[in-house]
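Working notes, beginning with the structure itself.
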Amino acid sequence: MNPNKYSLTFACYNSVEYTKMCIDSMTKHGTPLDRLVVVDNFSTDGTRDYLATLPLGGKIFNASNLGCGTAWNQGALALQSEWSIIMNNDVLVSPLWIENLIHAAESKNLKVISPALIEGPLDYDFDAFSLKATAEMKDEHRLGSKHAVCLAIHNSVWMDVGYFQPTPKLLGYEDTLFFNELKKSNIQTSITGASWLHHFGSVTQTAMKQERGLSEKDGLANRYNYKLLNQSWAQRKLAKIQAKKHQLQSSREEVKKHGMSVHGLRKNHAFEWI
3 MNPNKYSLTF ACYNSVEYTK MCIDSMTKHG TPLDRLVVVD NFSTDGTRDY
53 LATLPLGGKI FNASNLGCGT AWNQGALALQ SEWSIIMNND VLVSPLWIEN
103 LIHAAESKNL KVISPALIEG PLDYDFDAFS LKATAEMKDE HRLGSKHAVC
153 LAIHNSVWMD VGYFQPTPKL LGYEDTLFFN ELKKSNIQTS ITGASWLHHF
203 GSVTQTAMKQ ERGLSEKDGL ANRYNYKLLN QSWAQRKLAK IQAKKHQLQS
253 SREEVKKHGM SVHGLRKNHA FEWI
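In my numbering, the protein residues as written are 3 to 276.
As structure tokens, then:
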């Protein structure tokens, strides 16, 4: 695949050790770093010194923490392409993950797609697992699902629904608002078993909570964010129930067919499929 067909971006806020693991994983599996734009939201832990050593497609150093939405927009706009891959920095990638991800989207005529995901501690051989999982699950698509750990977004979507809301006080709620716009515009999404990531889990959100003096149990969303959906409490509750039902039904069907699903958790050194 021509690398100019896609670009990648992620936002950083401290947690340089996870950014290093992500970059090392990309380098190991041939992801071209000159297609990656990293946006740093005013890290103070050596992240910027590390990024300065890399041959990236772009480096954006914000003078304050502008939030995820602004950073994702900055990255997508800095290196525009047919497909923009918006992702977290606390992930590991697998062989041919981009090619498989975009091919899956195009084969199903999708404009937004997420890779399959394992979340939790890295207490297993992810490289070996991802090869077997990709071979087993390459034709499995959980239509109607998506996640903000990684999204491949076709450039037509920006024209249809716009970019992420660039409001710092959204505090990580930007993905929910973006997904709501996709739904209103009837843009189909999917998680595909053709591409896999390992996600350590909510590293940036934890750092943001620490910056704001919040505990681990505190949520980042607030009533201001909910109001932006223009939905009643009952509508939001029903949507959550429907999404959970879809997730459980899809997982059961995938596990019955493959012995696994496109979303797994590592707990007590074992996989839990959800």
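Glycine residues also receive a C-beta, built at the ideal position from the N, C-alpha and C atoms. Here the structure is a predicted model, which means the values were calculated and not measured.
- Where S252 is concerned, the enclosing alpha helix (DSSP H) starts and stops at W235 to H260.
- Apart from sequence neighbours up to five positions away, the residues of its chain that approach E138 with a beta-carbon distance below 6 Å are H260, ordered along the chain.
- Counting of Cβ neighbours within 10 angstroms places D42 among the buried residues, the total reaching 16 or more.
- Within the same chain, A196 and S197 come within 6 Å of N102 by CB-CB distance, once the 5 residues on both sides are set aside.
- DSSP places I276 in the coil class of the three-state scheme, outside both helix and strand.
- If you draw a straight line from the Cα of G60 to the Cα of V40, it comes to about 6 Å.
- Between the alpha carbons of G77 and I88 lies a distance of about 8 Å.
- The Cβ atoms of V264 and A118 lie closer than 7 Å to each other.
- The three-state reading of DSSP puts K61 in strand, counting E and B together.
- The continuous alpha helix (DSSP H) containing G69 extends over residues G69 to A80.
- DSSP places P170 in the helix class (H, G or I) of the three-state scheme.
- A residue is called buried once 16 or more other Cβ atoms fall within 10 Å of its Cβ, and V95 is buried on that count.
- DSSP places M139 outside any beta strand (DSSP E); the residue lies instead in the alpha helix (DSSP H), whose first and last residues are F128 to M139.
- The three-state secondary structure of S187, taken from DSSP, is coil.
- K22 and V114 have their C-alpha atoms some 27 Å from each other.
- Separation of D129 and H105 (C-alpha to C-alpha, rounded to the nearest whole angstrom) is 21 Å.
- The distance from the Cβ of I193 to that of H149 is about 7 Å, consistent with a contact at the 8 Å cut-off.
- Within a 10 Å sphere around the beta-carbon of W235 sit fewer than 16 other beta-carbons, which makes this residue exposed.
- Under the three-state reduction of DSSP, D125 is assigned to coil, being neither helix nor strand.
- Annotation for D42: no alpha helix (DSSP H) segment contains it, though the beta strand (DSSP E) segment containing it runs L38 to D42.
- Counting along the chain, the unbroken beta strand (DSSP E) around M89 starts and ends at W85 to M89.
- Going by beta carbons, S9 and S86 fall inside the 7 Å limit.
- If the five residues before and after Q167 are omitted, its C-beta is found closer than 8 Å to the C-beta atoms of G71, E176, L179, F180 and L230, all from its own chain and listed in chain order.
- The criterion of a C-beta distance shorter than 7 Å is not satisfied by G203 and E274.
- The beta-bridge partner set that DSSP reports for T49 is empty.
- Rounded to the nearest angstrom, the gap between the Cα atoms of A154 and N270 is 31 Å.
- In the structure shown, the three-state DSSP call for V264 is coil.
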